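Novice:
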Amino acid sequence: MGEVFEDLPRLLNQPGYQAQLLFPADDARPLQAYAPCDEPLLLVVPDGTWRKARKLLHLNPLLAALPRVTLAEGGVSRYRLRKAPGPGALSTVEAIVQALQVLEAPASFEGLLRPFEALIEGQIAAMGEEVFRRNHAGK
């Protein structure tokens, strides 16, 4: 894990790929399926809390300068243990699955969420249903 990546220029400038950042912004365009003539997408997805992801962009201007794409509005996170910073805010794995659903349609990537859902259920079981309801239900 790091915050500043020395290899970033080389990694983002792979010949034959177009690097784009999956992260909300006013100028972000909706992620769309490939057109047959498009170069393959090198989709960069920051991982961490929303605060940590914003810090990564601040510390890595090359990342922040990438063209941004965003997911369709209305996505609802399954991560019931964390408070989302706003509507449509998804966990990293949920955002990647949704992006793959768009880019690789009609293939389904829902199976990638099974371990994520098992993790959530395990955390709820460990804290107890009553504690979960008191602290997280309805958020």
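Under the UniProt record's numbering, the first residue of the sequence shown carries the number 1, and numbering increases by one thereafter.
A virtual CB, placed ideally from N, CA and C, is assigned to each residue, including glycine.
This one's a predicted model, so the numbers in the text were calculated from it and none came from an experiment.
Could you tell me if leucine 63 is buried or exposed, where buried requires 16 or more neighbouring beta carbons within 10 angstroms of its beta carbon?
Specialist: Taking the first residue of the sequence shown as position 1, residue 63 is located at position 63. With 16 or more other Cβ atoms within 10 Å, it is buried.
Novice: Just the Cα atoms here: how many angstroms apart are glutamine 98 and alanine 28?
Specialist: Position 98 of the sequence shown, counted from the start, is the residue given in the question as residue 98. Position 28 of the sequence shown, counted from the start, is the residue given in the question as residue 28. One C-alpha to the other measures close to 16 Å.
Novice: Going by the DSSP bridge assignment, what does valine 44 pair with across the sheet?
Specialist: Taking the first residue of the sequence shown as position 1, residue 44 is located at position 44. Per DSSP, Leu21.
Novice: Look at the Cβ atom of valine 69, then the Cβ atom of leucine 31, and state whether they are nearer than 7 Å.
Specialist: The residue labelled residue 69 in the question sits at position 69 within the sequence shown. The residue labelled residue 31 in the question sits at position 31 within the sequence shown. Yes. Within cutoff.
Novice: Should glutamate 39 and glycine 16 be called a contact, given that it needs their Cβ atoms to be closer than 7 Å?
Specialist: Counting from one through the sequence shown, the residue named residue 39 turns up at place 39. Counting from one through the sequence shown, the residue named residue 16 turns up at place 16. In this structure, glycine 16 lies closer than 7 Å to glutamate 39 by Cβ.
Novice: Going by the DSSP bridge assignment, what does proline 106 pair with across the sheet?
Specialist: On the sequence shown, residue 106 is found 106 positions in, with the first residue counted as 1. Proline 106 is not bridged to any residue.
Novice: Does DSSP put arginine 134 in a helix, in a strand, or in coil?
Specialist: Numbered from 1 along the sequence shown, position 134 holds the residue referred to as residue 134. Reduced to three states, the DSSP call for arginine 134 is helix.
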